[in-house]
Amino acid sequence: MQEIISIKTHGRSTIDITHEVEKLVARSRIEIGLCNLFIQHTSASLILCENADPDVRSDLESFMQQIVKDGDPLFMHTAEGSDDMPAHIRNVLTSSSLTIPIANGRCLLGTWQGIYLWEHRVNSHVRNIIVSIQRD
Amino acid sequence: MQEIISIKTHGRSTIDITHEVEKLVARSRIEIGLCNLFIQHTSASLILCENADPDVRSDLESFMQQIVKDGDPLFMHTAEGSDDMPAHIRNVLTSSSLTIPIANGRCLLGTWQGIYLWEHRVNSHVRNIIVSIQRD
Amino acid sequence: MQEIISIKTHGRSTIDITHEVEKLVARSRIEIGLCNLFIQHTSASLILCENADPDVRSDLESFMQQIVKDGDPLFMHTAEGSDDMPAHIRNVLTSSSLTIPIANGRCLLGTWQGIYLWEHRVNSHVRNIIVSIQRD
Numbered sequence: 001m002q003e004i005i006s007i008k009t010h011g012r013s014t015i016d017i018t019h020e021v022e023k024l025v026a027r028s029r030i031e032i033g034l035c036n037l038f039i040q041h042t043s044a045s046l047i048l049c050e051n052a053d054p055d056v057r058s059d060l061e062s063f064m065q066q067i068v069k070d071g072d073p074l075f076m077h078t079a080e081g082s083d084d085m086p087a088h089i090r091n092v093l094t095s096s097s098l099t100i101p102i103a104n105g106r107c108l109l110g111t112w113q114g115i116y117l118w119e120h121r122v123n124s125h126v127r128n129i130i131v132s133i134q135r136d
Numbered sequence: 137m138q139e140i141i142s143i144k145t146h147g148r149s150t151i152d153i154t155h156e157v158e159k160l161v162a163r164s165r166i167e168i169g170l171c172n173l174f175i176q177h178t179s180a181s182l183i184l185c186e187n188a189d190p191d192v193r194s195d196l197e198s199f200m201q202q203i204v205k206d207g208d209p210l211f212m213h214t215a216e217g218s219d220d221m222p223a224h225i226r227n228v229l230t231s232s233s234l235t236i237p238i239a240n241g242r243c244l245l246g247t248w249q250g251i252y253l254w255e256h257r258v259n260s261h262v263r264n265i266i267v268s269i270q271r272d
Numbered sequence: 273m274q275e276i277i278s279i280k281t282h283g284r285s286t287i288d289i290t291h292e293v294e295k296l297v298a299r300s301r302i303e304i305g306l307c308n309l310f311i312q313h314t315s316a317s318l319i320l321c322e323n324a325d326p327d328v329r330s331d332l333e334s335f336m337q338q339i340v341k342d343g344d345p346l347f348m349h350t351a352e353g354s355d356d357m358p359a360h361i362r363n364v365l366t367s368s369s370l371t372i373p374i375a376n377g378r379c380l381l382g383t384w385q386g387i388y389l390w391e392h393r394v395n396s397h398v399r400n401i402i403v404s405i406q407r408d
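Chains A, B and C are the protein sequences, given in the same order. Numbering follows the working numbering, with no gaps: position 61 of the first sequence is 61. With the second sequence counted from 1, adding 136 to any position gets you the working numbering. With the third sequence counted from 1, adding 272 to any position gets you the working numbering.
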């Protein structure tokens with residue numbers, strides 16, 4: 001089973017997509033298997049992150065801004081804005097693809113794991129995630 | 137085939153789990169396929185790393201401590217200790233999931249590749265890794 | 273289907289392997305499924321990156337050199353050269369394995385996504401990538 005989740009982002013931030021993914025897994029009626037998520041963009045990522053305290057994702061964003069500086073004079077690729085090259089780097093330092101096991105018809109996430117789309121650009125974008133669900 | 141490996145860690149360090157994974161691959165009797173490893177935690181990672189010189193993993197740890205500083209005043213999420221937010225960041229910068237091809241009933245690792253669990257917290261924890269083995 | 277792509281690199285740089293991967297996907301005649309790429313080395317990576325402006329990959333390289341410094345006195349593992357330990361770190365900060373969905377007999381990449389081998393050593397090497405293609 002292969003489906004697309006389209007998410008409209010609102011600038012740099014993380015968006016919890018765990019529920020959208022779980023809905024597709026439930027609809028597939030696959031009890032045991034694997035769920036692969038793939039984001040079709042080079043300036044937004046997929047991450048697994050702590051899902052209880054929003055400060056965690058806020059600190060993650062602060063850290064990334066400190067380590068990959070917007071408008072760093074090091075960068076030559078600046079035509080699309082001072083956040084564009086940093087977005088590509090943030091993408092490479094995180095993930096474009098996640099593979100999560102399924103058991104009992106649900107993603108086998110740990111208690112504190114949520115699935116997040118991380119928009120790295122400062123403007124809004126529509127981001128497509130391909131969800132592939134395989135029976136074991 | 138889906139199994140769980142539970143590993144007790146002893147504070148911040150890498151633990152070689154190649155042998156545990158290979159045992160499960162052998163037991164599955166699958167000759168050609170894929171082995172997916174998934175860690176159900178947000179402050180420990182799975183990595184592939186050079187397996188010959190222990191200095192490599194020690195240097196990797198030194199590098200991570202330099203780049204993601206324990207107790208950095210940047211962080212708001214501090215309730216669970218000065219190593220907790222760094223552990224979440226280290227997790228996002230590395231991997232929660234690895235997919236390794238299988239051939240001749242073994243993981244198709246390169247000569248110098250080992251599979252490691254990387255505990256990012258300073259205290260001991262029990263970490264669960266889901267191992268999913270698929271026939272091609 | 274499981275095949276090997278062998279690529280000769282020419283020192284530190286990124287090499288576009290999208291075409292080689294697409295050729296194997298086409299040859300498999302699998303219309304819908306998943307393609308897993310796995311690099312058997314600990315000092316070269318697989319990444320998805322913007323495929324239009326070569327400055328992006330050049331900036332990515334500059335960023336990595338700034339953050340993981342060759343010859344950093346922090347490192348103990350120096351016997352194989354001042355770029356060897358940085359190469360292992362760059363490998364851990366990026367990816368050894370990518371899983372890409374297939375639809376209509378092609379990798380479901382976004383418009384701006386290319387698949388790149390990233391050589392992290394300054395000398396030439398032959399790098400093996402295992403390509404596993406699964407039908408859904």
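Built from N, CA and C at the ideal position, the CB exists for glycine as well. It should be emphasised that the depicted structure is a prediction, and the values quoted were computed from it without experimental measurement.
- Distance between R393 of chain C and E186 of chain B, taken at the CA atoms: about 14 Å.
- Contact annotation: I15 of chain A and V131 of chain A have beta-carbon atoms that are not nearer than 8 Å.
- If only complete runs of 4 or more residues are kept, the segment 31-78 of chain A shows the alpha helix (DSSP H) at 54-67, in order along the chain.
- CA-CA distance, W248 of chain B to H313 of chain C, rounds to 7 Å.
- Of all residues in the segment 46-64 of chain A, only I47, L48, C49, E50, D53, D55, V56, S58, D59, L60, S62 and F63 come within less than 7 Å of chain B when Cβ atoms are compared, listed by chain position.
- Cα atoms of E167 of chain B and G353 of chain C: separation of roughly 38 Å, rounded to the nearest angstrom.
- For the segment 97-128 of chain A, residues whose beta-carbon sits nearer than 8 Å to a beta-carbon of chain C comprise S97, T99 and N128.
- At a cut-off of 8 Å, the C-beta of V293 of chain C has no neighbouring C-beta in chain B.
- Under the 10 Å beta carbon count, L74 of chain A is surrounded by fewer than 16 other beta carbons and is classified as exposed.
- The continuous beta strand (DSSP E) containing L253 of chain B extends over residues Q249 to E255.
- Neighbours of D355 of chain C across chain A, judged by C-beta separation under 9 Å, do not exist; the nearest C-beta is about 19 Å away.
- Distance check between C171 of chain B and each of B:S179, B:S181, B:E156 and B:S260 places B:E156 closest, using alpha-carbon atoms only.
- Counting along the chain, V262 of chain B sits inside the beta strand (DSSP E) bounded by residues V262 to R271.
- For L389 of chain C, same chain residues with a beta-carbon under 8 Å away, outside a window of 5 residues either side, are I279, T281, T286, I287, I289, I311, A316, S317, L318, R399 and I401 in chain order.
- Per DSSP, the beta-bridge partners of S13 of chain A are A:E119.
- Only residues of its own chain outside the window of five on either side were considered, and among them P358, I361, R362 and L365 have a CB closer than 8 Å to the CB of V340 of chain C, listed in chain order.
- T154 of chain B carries a helical assignment under DSSP once its states are collapsed to helix, strand and coil.
- Straight-line spacing of the CA atoms in E294 of chain C and C379 of chain C works out to 7 Å.
- For L365 of chain C, the uninterrupted alpha helix (DSSP H) segment begins and ends at D356 to L365.
- At a cut-off of 8 Å between beta carbons, L170 of chain B contacts chain C.
- Judged by beta-carbon spacing, I405 of chain C lies within the 8 Å limit of G305 of chain C, meaning their Cβ atoms are closer than that value.
- E352 of chain C: not part of any beta strand (DSSP E); DSSP gives it neither H nor E.
- Here Q138 of chain B has S268 as same chain residues with Cβ atoms under 6 Å from its own Cβ, once five neighbours each way along the sequence are excluded.
- Counting other Cβ atoms within 10 Å of its Cβ, S260 of chain B stays below 16 and is therefore classed as exposed.
- The beta carbon of V192 of chain B sits closer than 8 Å to those of C185 and E186, all from its chain and outside the five residues before and after it, given in chain order.
- Remark: C-beta atoms of T99 of chain A and T350 of chain C do not approach each other more closely than 8 Å.
- Taking 8 Å as the threshold, the shortest C-beta distance from D408 of chain C to chain A falls below it.
- By the neighbour-count criterion, in which a residue is buried when 16 or more other Cβ atoms sit within 10 angstroms of its Cβ, G382 of chain C is buried.
- A Cβ of chain B is located within less than 8 Å of the beta carbon of Q66 of chain A.
- Exclusion of the five residues before and after D356 of chain C leaves S315, H349, T350 and R393 as the residues of its chain whose Cβ lies within less than 8 Å of its Cβ.
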